[in-house]
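Number of protein chains: 4
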Amino acid sequence: MRAAVLEEHGEPLAVKDVDYPEPEPDQVIVETEACGICRSDWHAWQGDWSWIGASVPEGQILGHEPAGIVSAVGEDVETLQEGDRVAVPFHLGDGTCSHCREGRANNCETVIPLGLSSIAPGAFAEAFPVREADYNCVKLPDSLDFAEMAGLGCRFMTAYHALADRAELRPGDWVAVHGCGGVGLSAIHIADALGAHPIAVDVREDKLERARELGASATVNAAEAGTTAQEVKALAGGGADVSIDALGIAETCQNSIGSLGTRGTHVQVGLTTGEEEGQIELPVDVMTMRELDFHGSFGMPLVRYEELFKLIGEGTLEPSKIIGETLSLEEVPETLASMDNYETVGIPVVTEF
Amino acid sequence: MRAAVLEEHGEPLAVKDVDYPEPEPDQVIVETEACGICRSDWHAWQGDWSWIGASVPEGQILGHEPAGIVSAVGEDVETLQEGDRVAVPFHLGDGTCSHCREGRANNCETVIPLGLSSIAPGAFAEAFPVREADYNCVKLPDSLDFAEMAGLGCRFMTAYHALADRAELRPGDWVAVHGCGGVGLSAIHIADALGAHPIAVDVREDKLERARELGASATVNAAEAGTTAQEVKALAGGGADVSIDALGIAETCQNSIGSLGTRGTHVQVGLTTGEEEGQIELPVDVMTMRELDFHGSFGMPLVRYEELFKLIGEGTLEPSKIIGETLSLEEVPETLASMDNYETVGIPVVTEF
Amino acid sequence: MRAAVLEEHGEPLAVKDVDYPEPEPDQVIVETEACGICRSDWHAWQGDWSWIGASVPEGQILGHEPAGIVSAVGEDVETLQEGDRVAVPFHLGDGTCSHCREGRANNCETVIPLGLSSIAPGAFAEAFPVREADYNCVKLPDSLDFAEMAGLGCRFMTAYHALADRAELRPGDWVAVHGCGGVGLSAIHIADALGAHPIAVDVREDKLERARELGASATVNAAEAGTTAQEVKALAGGGADVSIDALGIAETCQNSIGSLGTRGTHVQVGLTTGEEEGQIELPVDVMTMRELDFHGSFGMPLVRYEELFKLIGEGTLEPSKIIGETLSLEEVPETLASMDNYETVGIPVVTEF
Amino acid sequence: MRAAVLEEHGEPLAVKDVDYPEPEPDQVIVETEACGICRSDWHAWQGDWSWIGASVPEGQILGHEPAGIVSAVGEDVETLQEGDRVAVPFHLGDGTCSHCREGRANNCETVIPLGLSSIAPGAFAEAFPVREADYNCVKLPDSLDFAEMAGLGCRFMTAYHALADRAELRPGDWVAVHGCGGVGLSAIHIADALGAHPIAVDVREDKLERARELGASATVNAAEAGTTAQEVKALAGGGADVSIDALGIAETCQNSIGSLGTRGTHVQVGLTTGEEEGQIELPVDVMTMRELDFHGSFGMPLVRYEELFKLIGEGTLEPSKIIGETLSLEEVPETLASMDNYETVGIPVVTEF
Ligand SMILES: [Zn+2]
Ligand SMILES: [Zn+2]
Ligand SMILES: [Zn+2]
Ligand SMILES: [Zn+2]
Ligand SMILES: [Zn+2]
Ligand SMILES: [Zn+2]
Ligand SMILES: [Zn+2]
Ligand SMILES: [Zn+2]
Ligand SMILES: [Zn+2]
Ligand SMILES: [Zn+2]
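Going down the list, the sequences are from chains A, B, C and D. Start counting the first sequence at 1; every next residue gets the next number (full-length UniProt numbering). Start counting the second sequence at 1; every next residue gets the next number (full-length UniProt numbering). Start counting the third sequence at 1; every next residue gets the next number (full-length UniProt numbering). Start counting the fourth sequence at 1; every next residue gets the next number (full-length UniProt numbering).
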């Protein structure tokens, strides 16, 4: 089958023939119908994340935001069968640790990231295996098409968990969103749909324009001066209730915390770059005296899909709005390379394999 | 009247005669019966906290942990009268901002710190004024004596709010306490009394010994090596559920975050020193991937005294256990100076004026 | 001045001249600009609620949902002055009990209901006094007009508190609303605006039609058969997450609980009639085995107005949509009498005095 | 093997020989080492609960609070093997519904009650089968012995979940416990250990005496007059924060709600008798006006055992204190019969088979 393989960090992915996967007893094989392309793919491709022990090896098939159809079923799998329409969250849990038993694969003590680890080849391929498939596969409602589902993960679902669960977003909250890539635009749409009031921050006008279309109450162009946090605070009547770093560089993280009012909550979603290597200097005395919260947020618990599907089914959330272009597997290498400049608007989704 | 005045940063306080205060319309005057001595007094005396705009001016009467008896009442005060036994939390709220209206003077948008601001002379004196007295004074139950109440604030009540509210401590939690000064020992006693399991961390054996007496399940001496966080994690079965930096230096803050298990909560209570000037480098990628929380905690909402008094009344909490020596106003300068070396064990309380 | 007075339970109110009020030291006088008419006025007029010690005495001026302009200020009042635009929630707190100190006048231990107690004459009058005015008056944002504010209270704000706070409504929740009077229609609009999915239940088609206009995902006409709860459950994919009794009779209360899925939450807002006298038989074993919650909900804490005003200011909530007709003080007696048959749709507001 | 069989409702159980069970593919067989005797067994034996569709059929082997050793393993079981020490909660989940996926077998949509359903023979026998064993078995820490574990379930764990989770017990809370059987005594010990202050209510002095030994701050003998709720309120400084009906008759349920202060929480644990048939008249207007909560509570989520085991391991909770007598399988029929008069004090545990 065809797959897009990371042969050398920083060099274009190679689209080539590889063996079709066979299921282990706990696995299913899923034929990919759609898979998003993500800034995390770009990080992996750059060779980032060695500082958290998560550097992706050369030889890896990337792709971690898939939806597809079960094509083969391992002998111990009980709840899935050939032909089932499924999505696979990027955080493959073991199904047995204390977090997994609460339905929180995203916090699994032995999590394996799909498409980002040698033992979990990814979904920029005609098909891919899923470990502990009974636990990790999410069955799709008939009403949700594959591309829409691919648009959900990992960015839309990450933004949903970050706001609904980790920020415990309240109606009426002022929500600053720093960085209007896939996570950021998702966060703006979600915040607006849930009765909160998003303020979009980015350095590119085309992304801020898209943010306004998706429901941003106000926007701040951060390119110009060192006053971003102050501008957000002024727009938010003294300080944001919730602020999210949807990018992952020192500046957006610090601006996000600086945007908060007393007792506000910052949510960190973006992982950092080679510049920060995972370390950012934070204003701890201000955080103490104003009782600010810093909440890390990673993926989304499996048990939260039900709520997300209800919201999409009733039309409250429309993940398709965040989808950018659709493309073919052959175009993945080029699209990934274009992310150097943060030029993509919305979430690109591969739909031809 | 006699008062201990900060005449020059870093030089011994001067105990001398000053004018007896007169109440403004919104104020009462409280005759001091007891007042704790605190690391914050030491910070103020050193001239710290200019980086958060909170440097204490020369000429200041220090002292911010008082209990006493109302001796004069301003004309607009409605709920207090001469002879009332009261405590005064160090964070004097305006009573009207949105936080104050929820009973959270500790988050007041225009808070004035008692004994740490030129417009709020402190309680290392025979008497001191309290602004917005109806709002800020806490009436004492008969069962609580003045020294015990002075032992409560700011450190005991800060530790209580940090654990019960900001960490949302759960029964059975492993709680790492970094730094066994007044806040830290209070945290250990509180955690134990509420069904959690504290692990005490300090560099001095006498403080760890006191921690064990107060209910620490285990102790770690951090003097020896760079493995403190790993030792705590091992004792806590993989990682603490809650960890508190009760001191406020880069090392304790970073160790505290490093002590946490997945989804754990760090609470920052200690304000930093001239070394950090309010900025500490934190491992944000790890905080993101393991969904850690960093919660700033400052003082305690006024509305939480009721619960605290019930716990003390029933004998569940015994703040008197944390009180170190009792002393006279004349001894304040020397005791404050001795804090250079972190030598005091427990909370010293001034009871003679 | 003119006022609508309850002279005899069940007989038409008398609109007549009464003395203009003088402020006590803690009071302000408010000139009424608008005041809603409410089912609670009807209950009071009928002589209900003796079973909870809340029967309204003859001689009472009714009216408890006012907005207006401060026209006189008592000598101890500090934060209000003549000309201030204010709303007055119907639950007048003392400002000093433990609930009031948290900003929860609705839970005050010595609450006085405006317009429903001889010591708090109501707002179906040109002006009315407000006790503990510093505490109880809510200043209006300029953007909110008086009729809109009158439309907010007590029903809209009660519905908001019931859903946002007492039900802890989550995005995507199925919310059954039993009874589409003022509270019920408010609840439907609010649930829809906050990303939840309301199912409206009533016996009248015109009210269900209005519910659909306000965002109901589905409707159930309860007039026909004893299967209301089953119908709601089917529409809600197995059972509602939240269900609210917005009327207050045995049938709506029991239907509401019967509409819930496992772990669902019923919120009781409506007070009962002379039929129930405050007692309803409930299915406690089912509530135990399915871990259902029954939450009483009364008014709204004062500290929640800020969030409500933000939501209205940004256009997320539009209380004006629930307002029915506007009318004059002279028309109050007749409109009140017409409530016998549940014929009013939306909230009638008196705007001429 | 020997087993105690319910041959006719109300007639003594028959201890007799039955076939040793064989495991289905998803099952394990557990050799019983200890099993508690429970009021639920007595209800089942009486033929109660037809009103919730849960009448226990004749021919049933009772016994639903077991701990033991795995003796045989079905072919699809992955995480258990012969010799494993396990406990089995009485609520056997399917492992796949949305509640089960959160680790909440107690809320399973297709729950099967162990020992109370024809398809789940109970543990008053030398051995018994466990469906979906990977999901439902709880591995025992080495430190916990079998009798102690049998003492945990269902009553101790039910009380723990009721207080820690359903009441969200806070330190310092006044907790009224109505009925001092196994659940009630457990609740008293737990509340005391977690920093709350229990008030015990019963009609028997020997049970109140035991309650005092277990940490009750105060006791009320309910035999005498209709003033129980008032007495509790007076002891609790105006009203309990939490109150639990640990018995399940109209009087205890109504007294429990009547014991609460404003914003208090009642937790219903006891299932009703043939007298109530599941229906109890409740004071809904008072519940509305004082914003009371009624929370049903059933069993305990599987994911909560970890916390419970930590608390027992550190000595904070001591379930062995609630164990009454230990006895043999042959004595079960007689002990069960003696429950007619509520004479057993503490939890009797069968330890000889
Ligand atoms: Zn796991
Ligand atoms: Zn991604
Ligand atoms: Zn304030
Ligand atoms: Zn202090
Ligand atoms: Zn937090
Ligand atoms: Zn009050
Ligand atoms: Zn009303
Ligand atoms: Zn289930
Ligand atoms: Zn039982
Ligand atoms: Zn509740």
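Beta carbons are placed, not taken as given, at the ideal position from N, Cα and C, and that holds for glycine. None of the values given here were measured: they were computed from a predicted structure.
- In the DSSP assignment, residue 221 of chain B is bridged to B:202.
- Apart from sequence neighbours up to five positions away, the residues of its chain that approach residue 325 of chain A with a beta-carbon distance below 7 angstroms are 348, ordered along the chain.
- Only exposed fits residue 341 of chain D, as fewer than 16 other CB atoms lie within 10 angstroms of its CB.
- The bridge partners DSSP lists for residue 266 of chain D are D:243 and D:294.
- A distance below 9 angstroms separates the beta carbons of residue 29 of chain B and residue 72 of chain B.
- The straight-line gap separating the alpha-carbon atoms of residue 266 of chain A and residue 162 of chain A is approximately 10 angstroms.
- In this structure, D:121 is the residue among D:97, D:2, D:32 and D:121 with its C-alpha nearest to the C-alpha of residue 59 of chain D.
- Identification of residues in the region 303-329 of chain C having a C-beta nearer than 8 angstroms to some C-beta of chain B yields 303 and 306, given in sequence order.
- Think of a sphere of 8 angstroms around the beta carbon of residue 103 of chain C: the chain B residues whose beta carbon falls inside it are 101, 102 and 103, in chain order.
- The beta carbon of residue 186 of chain D sits closer than 7 angstroms to the beta carbons of 155, 156, 159 and 322 from its chain, once the five residues preceding and following it are set aside; these are given in chain order.
- By the C-beta criterion, the region 45-61 of chain A is judged to be in contact with the region 4-13 of chain A, since at least 3 inter-stretch pairs fall below 8 angstroms.
- A Cβ-Cβ separation of about 5 angstroms places residue 260 of chain B in contact with residue 240 of chain B under the 8 angstroms criterion.
- For residue 297 of chain D, the closest Cβ of chain C is nearer than 9 angstroms.
- When C-alpha distances from residue 233 of chain B are compared across B:262, B:270 and B:248, the shortest belongs to B:262.
- The closest heavy atom of ligand 9 lies less than 8 angstroms from the beta carbon of residue 41 of chain D.
- One Cα belongs to residue 74 of chain B, the other to residue 18 of chain B, and the distance between them is close to 21 angstroms.
- Nearest Cα to residue 277 of chain B within the set B:207, B:16 and B:49: B:49.
- Residue 189 of chain A is outside the set of residues whose beta carbon lies under 9 angstroms from a beta carbon in chain C.
- If you check each beta-carbon in the region 70-102 of chain C against every beta-carbon of chain B, the ones closer than 8 angstroms belong to 76, 78, 79, 96, 98, 101 and 102.
- The beta carbon of residue 255 of chain C does not come within 9 angstroms of any beta carbon belonging to chain D, so the residue lies off that interface.
- For the options B:287, B:297 and B:289, the alpha carbon positioned closest to that of residue 285 of chain A is the one of B:297.
- The closest CA to that of residue 99 of chain D, considering only D:292, D:301, D:345 and D:312, is found on D:301.
- In terms of Cβ geometry, residue 353 of chain C and residue 329 of chain C form a close pair [threshold 9 angstroms].
- Rounded to the nearest angstrom, the gap between the Cα atoms of residue 152 of chain C and residue 170 of chain A is 19 angstroms.
- Put simply, the CB of residue 197 of chain B is near chain D, with a gap under 9 angstroms to one of its CB atoms.
- Neighbours of residue 170 of chain A across chain C, judged by C-beta separation under 8 angstroms: 164 and 307.
- In this structure, the straight-line span from the alpha carbon of residue 191 of chain D to that of residue 177 of chain D is close to 10 angstroms.
- Where residue 64 of chain C is concerned, there is no enclosing alpha helix (DSSP H), because DSSP gives it neither an H nor an E.
- In the displayed model, residue 253 of chain C falls within a helix according to three-state DSSP.
- Between the region 127-138 of chain A and the region 19-39 of chain A there are three or more C-beta pairs closer than 8 angstroms, enough to call the two in contact.
- In chain order, the residues that have a beta carbon nearer than 7 angstroms to some heavy atom of ligand 5 are A:265, A:293, A:295, B:265, B:293 and B:295.
- Among the CB atoms of chain D, one or more fall inside 9 angstroms of the CB of residue 193 of chain B.
- Listed by position along chain B, the residues whose Cβ is nearer than 8 angstroms to that of residue 283 of chain A are 278 and 279.
- Nearest CB-CB separation between residue 53 of chain D and chain B: not below the 9 angstroms threshold.
- As DSSP reads the structure, residue 279 of chain C sits in a beta bridge with D:283.
- Ranked by Cα distance from residue 272 of chain D, the options D:288, D:252 and D:299 are led by D:252.
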